[in-house]
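Worksheet: one structure, shown below.
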Amino acid sequence: MFFSTYCFAHGMSENEKQIILEGGNLHYIYIGAIHMLWGYDHLLFVLGIVFFLKTFKDIVKYITAFTFGHSITLVWATFNSIAINYYLIDAIIALSVCYIGFVNLNALKKGLTNSSNMIFVIFILGLIHGLGLSTRLQQLSLSKDDLLLNILSFNLGIELGQIMALVVMLFFINIIRKLNSFKAISFFLNYFLIIAGVYFFSMQVYEYKQNISNETVLVTDNNAQEIKIIIPAHGEKEYKFRKS
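Quick note: to get my numbering, add 37 to the position in the sequence shown (first position is 1).
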């Protein structure tokens with residue numbers, strides 16, 4: 038509850054930006070993997086997807102739908118410089134975590150049945166997650182000459198990070214599934230997904246309101262030596278100053 042704003046935004050740190058500036062496409066892969074592993078909302082969503090999937094075939098189908106979805110919008114939005122306020126996108130992603138929790142609870146009550154329509158829904162939600170990933174990638178200094186290669190390298194890193202997270206998730210899920218308390222744990226976990234989604238949603242809405250209200254230039258004294266300027270992410274305002 039008391040994590041920093043940066044944790045909730047899980048944006049690009051200055052260190053990560055510097056790594057990109059100093060390196061090539063391998064660094065984009067590295068940052069992509071790290072970003073996915075720290076992307077709590079994406080990971081919770083993936084956990085919700087695979088929690089009740091028992092066969093390798095089903096896991097591949099659902100994860101492929103999600104991967105295909107977020108890859109499309111990640112590449113398309115970044116390549117075309119389509120910038121969307123990342124607080125709003127993250128708020129929608131938080132709601133997707135709530136949604137998958139509700140779906141799982143309903144499936145649990147009906148005997149763990151998975152609807153074939155869910156694959157299409159997962160694909161659509163993947164498109165939204167891809168927009169969230171794109172907003173983060175666009176915070177970096179992308180090379181115009183190697184733009185597509187940079188985007189694909191970052192996306193490859195995202196997929197590698199997702200695979201690493203999946204391996205860990207499936208390992209523990211298989212252990213939990215053998216317990217007599219599996220059903221109780223399932224209820225608890227999916228209620229947790231809903232609560233976490235609501236909490237993250239409220240945090241993103243709050244940060245969005247703060248972001249909007251801070252679109253100001255603050256000058257406390259006409260003779261002040263310092264001026265504080267707060268410019269929102271992806272803002273398109275232009276500020277000009279004239280020294281008298």
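Heads up, the beta-carbon is just placed ideally off N, CA and C, and yes, glycines get one too.
Endpoints, alpha helix (DSSP H) assigned at residue i
{"i": "Asp-182", "result": "Asp-182 -> no alpha helix (DSSP H), and no H or E assigned at all."}
{"i": "Ala-120", "result": "Element bounds for Ala-120: n/a, residue is neither H nor E."}
{"i": "Thr-172", "result": "154-174"}
{"i": "Leu-84", "result": "77-87"}
Check whether residue i and residue j have beta carbons under 8 Å apart
{"i": "Ile-156", "j": "Ile-129", "result": "no"}
{"i": "Met-283", "j": "Ile-195", "result": "One cannot answer for residue 283 here, as it falls past the ends of the chain, which runs 38 to 281."}
{"i": "Asn-187", "j": "Leu-197", "result": "no"}
{"i": "Gly-163", "j": "Gly-106", "result": "yes"}
{"i": "Leu-111", "j": "Ala-202", "result": "no"}
{"i": "Asp-127", "j": "Gly-169", "result": "yes"}
{"i": "Ile-222", "j": "Leu-230", "result": "no"}
{"i": "Val-97", "j": "Gln-199", "result": "no"}
{"i": "Ile-66", "j": "Leu-193", "result": "yes"}
{"i": "Asp-78", "j": "Ala-131", "result": "yes"}
{"i": "Ile-137", "j": "Ala-102", "result": "no"}
{"i": "Ser-190", "j": "Asn-62", "result": "yes"}
Backbone secondary structure at residue i - three-state DSSP
{"i": "Thr-92", "result": "coil"}
{"i": "Asn-62", "result": "helix"}
{"i": "Ser-223", "result": "helix"}
{"i": "Leu-207", "result": "helix"}
{"i": "Lys-215", "result": "coil"}
{"i": "Leu-230", "result": "helix"}
{"i": "Leu-193", "result": "helix"}
{"i": "Leu-177", "result": "coil"}
{"i": "Ser-41", "result": "Low local confidence applies: a pLDDT of 39 at Ser-41 is under 50, so the model's placement there is unreliable, with the coordinate-based value given in what follows. Correct three-state label for Ser-41: coil."}
{"i": "Leu-255", "result": "Caution is warranted here: a pLDDT of 48 is assigned to Leu-255, below 50, making its placement in the model unreliable, and no coordinate value can be reported."}
Inset, instruction - May I ask you to verify whether the stretch 108-125 touches the stretch 168-176, counting CB pairs closer than 8 Å and requiring at least 3? - result: Short answer: they touch.
Legend entry - contact_flag[the stretch 110-121, the stretch 206-224] where n(CB pairs < 8 Å) is 3 or more: By the criterion of at least three beta-carbon pairs nearer than 8 Å, the stretch 110-121 is not in contact with the stretch 206-224.
Inset, instruction - Please confirm if the stretch 85-92 is in contact with the stretch 223-235, defined as three or more CB-CB distances below 8 Å between the two stretches. - result: Two segments are said to touch when three or more pairs of C-beta atoms, one from each, lie closer than 8 Å; by this definition the stretch 85-92 touches the stretch 223-235.
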